[in-house]
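Accompanying notes for the structure given below.
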Amino acid sequence: MTERTFVSQSAGPVVLGLGLPMGSVTVQVLDSITTARVELRTADPSGPAADAVSRARSSQDGQAFAVEVPEIPGNVITQSFRGNRVTQSMHTVYGSVTGITIVNGRIINGGSADTMTTVSPIEARVILPLGSSLAVVSQSADTVVHGELDRMEFRSVSGGMRADGVRSLTASTTSGDIITGRVADRITARSVSGSLAVNIYSGCAAELDTTSGNVSVRATSAAYGAVHANSVSGDVNISAGNHLRVSARSVSGRVCTR
């Protein structure tokens, strides 16, 4: 296993920027702690993923705290073990992989056998003081947030995100879901093949667009302003939004506003 830990140089809420090419991000927002902390780890003791963790860097300017893990070069397959299940996924594949054979996570023949590498995912475990904000930029890292953030920005190619609550959220992904428990101010969320959902919405502006996923927003009486929700082939459901300016559309899915 390879591990690195980065600790904020200042106490109190921070604006954390985290760059992680692939793996997972787990965030806890706690009012019982005063210093932000980022722990990076991979099960690999050596190899490309271990090198990426070792070469990770941090910087800080006031309350702005940044941690960046470099890209893993070449063709990469991520392999993770959970109980008796082995999960493999490809990242940044260049060239043809037709006809490859994988045995116990190792490529033994095929056109790209000499360039493709199997690595363990990189896990980022983040602890933030209450009142902090977060920006995550990734290629394929899923992000889960436990607790309430002030502002959050999420950008990924194939990763998804789930957050208990945010005041303001800007999120975009190609093939992941964007799910939030609570939004208190604004949300702008876009996905190509993922679903978008806000379980408790009390904000003033919402824009949610997806191509093949569903869109769901449940408003409260405190919400005001406009809600724009669009899908091409998914269902759109806006509930308790009769007091809002609602624009809801779907080409081939169902639309329900009530």
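Per numbering that gives the first Met the number 0, residue 0 is the first one in the sequence shown, and the count goes up by one each step. Ideal Cβ placement from N, Cα and C applies to all residues, glycine included.
S53: not part of any beta strand (DSSP E); member of the alpha helix (DSSP H) spanning 47-53, first to last residue. Shown here for S58: same chain residues with a beta carbon closer than 7 Å to its own, the five before and five after excluded, namely A65 in chain order.
Under the three-state reduction of DSSP output, C203 falls in the coil class, being neither helix nor strand. Closest in C-alpha terms to R248, from the list V235, N241, A239, P44, comes V235. Using a 10 angstroms sphere on the CB of G175, the tally of other CB atoms reaches 16 or more, which defines it as buried. Under the DSSP assignment, D43 falls outside any beta strand (DSSP E); it carries neither an H nor an E label. Taking a C-beta distance under 8 Å as the contact criterion, T187 and T209 do not qualify as a contact pair. Annotation: S23 to A140 spans about 5 Å, alpha carbon to alpha carbon. When DSSP states are grouped into helix, strand and coil, H242 belongs to the coil group. For V216, the CB contacts under 8 Å within the same chain, skipping 5 residues up- and downstream, are A196, V197, Y200, A205, L207, V226, A228, N236, I237, S238, G240 in chain order. About 5 Å separates the beta carbons of T25 and V143, which is inside the 8 Å limit, making them a contact pair. Measuring C-alpha to C-alpha distances from E70 to each of P20, V14, L29 identifies P20 as the nearest. Restricted to the stretch 168-201, the beta strand (DSSP E) segments that are unbroken, complete and at least 3 residues in length are 177-190, 195-200, listed in chain order. In the displayed model, R3 falls within a strand according to three-state DSSP. Here D60 is bridged, per DSSP, to A63. In this structure V118 does not touch P72 by the C-beta definition: roughly 11 Å separates them, more than the 8 Å allowed. A contact is defined here as three or more CB-CB pairs under 8 Å, and the stretch 37-45 fails this definition with respect to the stretch 152-160. Judged by their CB atoms, V125 and V37 are nearer to each other than the 8 Å cut-off. Short of 8 Å from the beta carbon of A55, and not among the five residues preceding or following it, lie these beta carbons of its own chain, in chain order: R3, F5, L39, V66, E67, V68, P69.
Here L129 carries a coil assignment [DSSP, helix/strand/coil]. Taking 8 Å as the cut-off, the Cβ atoms of G164 and R181 count as close. Around the beta carbon of G224, fewer than 16 other beta carbons lie within 10 angstroms, which makes this residue exposed. The alpha carbon of G233 has as its nearest neighbour, out of R244, G193, A221, the alpha carbon of G193. The beta carbons of S53 and T116 sit no closer together than 8 Å.
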